[in-house]
């Protein structure tokens, strides 16, 4: 019933947009050619260097084309895509990737995954910001509310669906997200933005300059204020936040290498129902050296320091310190082998103060991860590349884990690539799997102290064996298309099992590995740019995510255990117009199929972004999100779940 | 078989969705033919390649090449790993001269020597950029790349996509190694100039 009332509206909106697209395209065609707008290539030779500097290129970037050679399901979100979408947070920018499921749970909480197993504590995706892994060893997932980046400083976001464990290690089970910010030399000068809307406000100031010794730097400060969202019954859900963040990046380029230093510090107040805001804070520092050792070999060294404090006195208080060292050496051997190998060491000290409700035992834990990997990309023939690689990663819960992969890529023609891969990957236990106890103090059952949930002393790594088959084609510069079929077999998935007759201080329930599952599906996306001023992107994922309990399992957890909440299919259609008078119009129509457990109806939504540049250094943008409905649910169990509401934002950008 | 009793996803929906997918994605190319024919489409979407080709032509006028035997001999531009750019440079330099010298464009393959070239453009598809750039430097060739790390690899000029515009950066140490003098006007337009250590 819900859907039938929506559909005519969607069609009407689509029709209107299609008509406007047509008129705009023809209007643009009728105008006399201007340098930079519709100049033919013959005329380009007559332009001066300065004029060439100002020709606006809206077609696909080289980076994207180079990835046309990658034997993996990679989607690149470009800086232009982010700017033109009006996204002002990392999770909203990730909606641009057709191979990601992004569900907004509350004003600040998101459930994000690729290829299934979504949840607020989704734990099979690895996320990195400039090479810094932002996953929490508490639950192998990401606290999205603490990840913020100045959107204008993002160079691109690489979204890889499928396993990436051989390079990136355990946790890169279903995908890898790499957020890459621009070099400081590409962000020179000043930038100020202010956004104000009915649901959120934010402001950013950034300044980039030159350092005396040939380097470049930038400094930024950012403030974000997000209102609470509503529950389905209209009551506020206390899920807003206020975030203050500042940071820097400095880059020194040298003929045979470079040095990058960057850091961020943030303080966040999380709204709490009927209580004072919960303060969160953190800081991180990255140092990265790249060095060309010889013509055929490169070295990269990286050190990351990360500190996080979460003060949620009614849940837990956490102090986490991470030191992460990573070295990678790549070389070309005998013209046909590209060999990369490297080693990493990661140390984390996690100190938790329990609340009455639950705790982590031991309260303080030092964790170590050591890894070693090697990979050879071997050109068997000019058009055939075989990649063989493996990683051994050691963690203090389960010891050594082996993460091999095998990939074959065939360039059927210069514009076509067919590839296949076989991988084994694991999700290593995190503290929530092993150390989680509730209540914080054991209760006496027949004079024996017991926990309701007593961690998972025997919890092992979850494993996945994955096969992929992909095809990419770019018949012309105007048009490209990619499809990936995947099948993954998961074993030892997390369950919660009754343990009634356990010894003292054990749990009545324990976390174990008594489920398995299979996922299969196909991811597709296409880009079409019929004219310089109009681009269309479409993406579709059709998938089956099946899980089942193994024999002997009496898992009762439902929501915390093996249950998955994934749509059978989701798609998006994104249109980008360049309009006359320095205006741009972008809109995205997206659809997400119904979720089963907990049940969430399918929905359509429309986002739109109109941008006008009254002067070269001034942008005015009007951003509308979730325009089709006053509110809709994306995740969680009714009736207490939060809904996502329609929002309108005005954004001003000034460059100086 | 009982293990699979918990399957929840209804199977029959998949063919429907696959058909929908096919329809959605196959629908796109149809309007292309109607929109203005291949010629119009080619002209616009090649803009990025065209702009780079135009830059390459312009660069020739802002460099002092070592004097050769014949001051009226053609300026020779080599292009490797970017056949589309080679075609564009050929097209837009046809009938044009730089300081009275005509321009010849050569499409090169990996391993081809750079001797005799004045300028070499290495496209993103070039296979061994570092060796090629080193060889070109020894031959006094103006090298141009389109790689994030182009200057680090030894190129003199490198194209970058900055805020939807093709900009270029210049390495003065690399130019010195190739005994090339770049005009100050070229440097003033570059968005970034790497100076010596």
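Residue numbers (UniProt numbering), protein chains in the order written: chain R, 1 to 656; chain W, 1 to 197. Beta carbons: idealized from backbone N, C-alpha and C, even for Gly. Because the structure is a prediction, the values reported are computed rather than measured.
- Linking residue 288 of chain R to residue 600 of chain R through their CA atoms gives a straight-line distance of about 44 Å.
- The residues 515, 516, 517, in chain order, have a CB closer than 7 Å to that of residue 548 of chain R in the same chain once the five nearest residues on each side in sequence are set aside.
- In this structure the region 192 to 201 of chain R does not lie against the region 158 to 170 of chain R, because fewer than three pairs of beta carbons, one per stretch, are closer than 8 Å.
- Here the C-alpha atom of residue 656 of chain R lies approximately 21 Å from the C-alpha atom of residue 245 of chain R.
- Annotated three-state conformation of residue 354 of chain R is strand, per DSSP.
- Proximity of chain W to residue 57 of chain R at the Cβ level (cut-off 8 Å) is accounted for by 47, 48, 51, 161, 164, 165, 166, in chain order.
- In the three-state scheme derived from DSSP, where H, G and I count as helix and E and B as strand, residue 586 of chain R is classed as strand.
- Going by DSSP, residue 145 of chain W is part of the beta strand (DSSP E) stretching over 142 to 145.
- At a cut-off of 9 Å between beta carbons, residue 181 of chain W makes no contact with chain R.
- As computed with DSSP, residue 58 of chain W is found in no beta bridge at all.
- For residue 625 of chain R, the CB contacts under 6 Å within the same chain, skipping 5 residues up- and downstream, are 607, 647 in chain order.
- Listed in chain order, the positions of the region 112 to 136 of chain W with a beta carbon within less than 7 Å of a beta carbon of chain R are 124, 130, 131, 134.
- In the DSSP assignment, residue 409 of chain R forms a beta bridge with R:385, R:419.
- Separation of residue 470 of chain R and residue 540 of chain R (C-alpha to C-alpha, rounded to the nearest whole angstrom) is 14 Å.
- Using a CB distance below 8 Å, the part of the region 68 to 80 of chain R facing chain W consists of 79, 80, ordered along the chain.
- Taking the C-beta atoms as reference points, residue 430 of chain R is found no nearer than 9 Å to residue 78 of chain R.
- Contact check for residue 379 of chain R and residue 336 of chain R: beta-carbon distance about 5 Å, within the 8 Å limit, so the pair qualifies.
- Here the alpha carbons of residue 125 of chain R and residue 299 of chain R stand approximately 27 Å from one another.
- Nearest to residue 371 of chain R by C-alpha distance, out of R:332, R:394, R:180, R:356, is R:394.
- Between residue 93 of chain W and chain R, the shortest Cβ-Cβ separation is below 9 Å.
- Excluding sequence positions up to five before and after residue 180 of chain R, its CB lies within less than 8 Å of the CB of 130, 154, 155, 156, 157, 158, all in the same chain and listed in chain order.
- Taking a C-beta distance under 9 Å as the contact criterion, residue 642 of chain R and residue 95 of chain R do not qualify as a contact pair.
- Under the three-state reduction of DSSP, residue 183 of chain W is assigned to coil, being neither helix nor strand.
- With respect to the 9 Å criterion, residue 116 of chain R and residue 174 of chain R are classified as neighbours on the basis of their beta carbons.
- Secondary structure at residue 500 of chain R: coil, using DSSP grouped into helix, strand and coil.
- At a C-beta separation below 7 Å, residue 50 of chain R has these neighbours in chain W: 189.
- Check the Cα spacing between residue 149 of chain W and each of R:580, R:392, R:183, R:387: the tightest is with R:183.
- Residue 550 of chain R carries a coil assignment under DSSP once its states are collapsed to helix, strand and coil.
- Taking residue 315 of chain R as the centre and dropping the five residues before and after it, the same chain places the C-beta of 355 closer than 6 Å to its C-beta, in chain order.
- Beta-bridge partners assigned by DSSP to residue 635 of chain R: none are found.
- Near chain W, meaning a CB-to-CB distance below 9 Å, the residues of the region 260 to 292 of chain R are 290, 292.
- Listed by position along chain R, the residues whose Cβ is nearer than 9 Å to that of residue 152 of chain W are 253, 254, 255, 256, 257, 258, 290, 292.
- Cβ contact annotation for residue 111 of chain R (same chain, cutoff 7 Å, sequence separation greater than five): 103, 105, 118, 119, 120, 122, 635, in chain order.
- For residue 279 of chain R, the enclosing beta strand (DSSP E) covers residues 275 to 294.
- Linking residue 290 of chain R to residue 106 of chain W through their CA atoms gives a straight-line distance of about 34 Å.
- Residue 194 of chain W belongs to the set of residues whose beta carbon lies under 9 Å from a beta carbon in chain R.
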